[in-house]
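Below is one structure, written out as structure tokens; comments come after it.
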Amino acid sequence: MKNGVRPRFSAAESAIFDKKVFEQSCRSCHATCGDCHVKSPTVSGVDLGLIAGHKFIRKDEGKTCALCHGGRVYPEFTGDYGGNADIHYQNGMGCVDCHRPLELHGRGVAYPDRRSVAEKPSCSACHAPGSETTDKGSQAHAIHGDKVSCSACHSSSEYRGCSSCHLGEGASASPQFVLGNNPRKPGQLSTLRLVPAVRDTFAKAGIASSSFDALPNFWDTVPHNTKKRTDRTRDCSTCHDRREHFLDAGSLPAGGSAANDKLIFTFEK
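Per our numbering, the sequence shown starts with residue 214, numbered consecutively.
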């Protein structure tokens, strides 16, 4: 969290963020064993107390996972956000079938961000390239390769995006489906999720975000609503002719970061 937003700040603003924002807001989330396995986390000021008396709960994903990740990830996974439930969920899988204990508990390594965690799950760990059962699937993966993320083709429905975050006031949310240039891997088409930071997000703490334009308003995302067949896997023209779901100049957020322009994806000629 801290490293993800720091490039927007000057050195002085970063110090204010560490003292006034991160310690009081970001770090108020769970950090110990009991906060996941004994006591429900406090969400939006609501404390639901112990999960099952003083029992240590190893696995109850509706409580141990969803209470914190229920804003977007879990309801996308189950289809409760209004879209399609993830194919893994439909086949009886849960969070910890992909997110293993070592990833969740850590092993003493301070990674700069969650995408750098060595133990994070990946599609290819289970669905190895070359294991396709049809010629169409083999050809599609061979042609697109690393130029297209798995989720760009296999996310099945809209997912939650947040906008206009202000310190202490929260943000607004709405369904979205956005395809664009992966800011972490330029040249790769990926699903993007709108992040809620605006220029005056931290103004109340005395932070002007003097380098706001250093980061875009979208980050690559892996929505948890995977399907084998989607509108993009069935019909090539969805992307290559009609450009459906693609980010363009007209759909960039008003007053957004100048870095957003780099997210508009250009097809190879």
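From the three backbone atoms N, C-alpha and C, an ideal C-beta is built for every residue, glycine too.
Collapsing the DSSP output to three states places Q237 in coil. Pairing P342 with H357 gives a Cβ-Cβ distance that is not under 9 Å.
Beta-bridge partners of L476 (DSSP): none assigned. Counting along the chain, H367 sits inside the alpha helix (DSSP H) bounded by residues C363 to H367.
A direct Cα-to-Cα measurement between C339 and T439 gives close to 14 Å. The continuous alpha helix (DSSP H) containing P288 extends over residues V286 to T291.
Looking at the DSSP output, K398 bridges to nothing. When the Cα atoms are used, V435 and H367 turn out to be separated by approximately 10 Å.
In its chain, beyond the 5 residues on either side, S377 have a beta carbon closer than 6 Å to the beta carbon of V411. Going by beta carbons, G374 and A386 fall inside the 9 Å limit. Annotation note: the segment 314-388 contains the following uninterrupted beta strand (DSSP E) runs of length 3 or greater, listed N- to C-terminal: 372-379.
In the three-state scheme derived from DSSP, where H, G and I count as helix and E and B as strand, R221 is classed as helix.
With contacts defined as CB atoms closer than 9 Å, S470 and F425 qualify as a contacting pair. If you check the CB distance, V309 and K272 come in under 9 Å. Residue range F431 to D433 is occupied by the beta strand (DSSP E) that includes D433. From the listed residues A331, A323 and G307, the smallest Cα separation to E316 is found for A331. The continuous stretches of alpha helix (DSSP H) do not include V259, and DSSP gives it neither H nor E. Listed as beta-bridge partners of K252 by DSSP are L263. Leaving aside the five residues that flank L428 on each side, the residues in its chain whose CB is nearer than 7 Å to its CB run, in chain order, P220, R221, S470 and A472.
Sequence-distant partners of G307 (beyond 5 residues in either direction) whose C-beta falls short of 6 Å from its own C-beta, in its chain, are E274.
In this structure, the alpha-carbon of S329 lies about 10 Å from that of A323. Across the structure, L465 and Q237 are spaced so that their CA atoms are roughly 31 Å apart. Taking I420 as the centre and dropping the five residues before and after it, the same chain places the C-beta of F222, E226, I229 and F230 closer than 7 Å to its C-beta, in chain order. Rounded to whole angstroms, the gap between the alpha carbons of H301 and F390 is 20 Å. Note on G393: 16 or more other CB atoms within 10 angstroms of its CB, so buried under the neighbour-count rule.
Looking at the DSSP output, T404 sits in a beta bridge with L392. Note on geometry: alpha-carbon atoms of E289 and G305 lie some 15 Å from one another.
Nearest in C-alpha terms to T446, of all of E382, V361, H437 and K417, is V361. For the 9 Å CB-CB criterion, Q401 and D359 form a contact.
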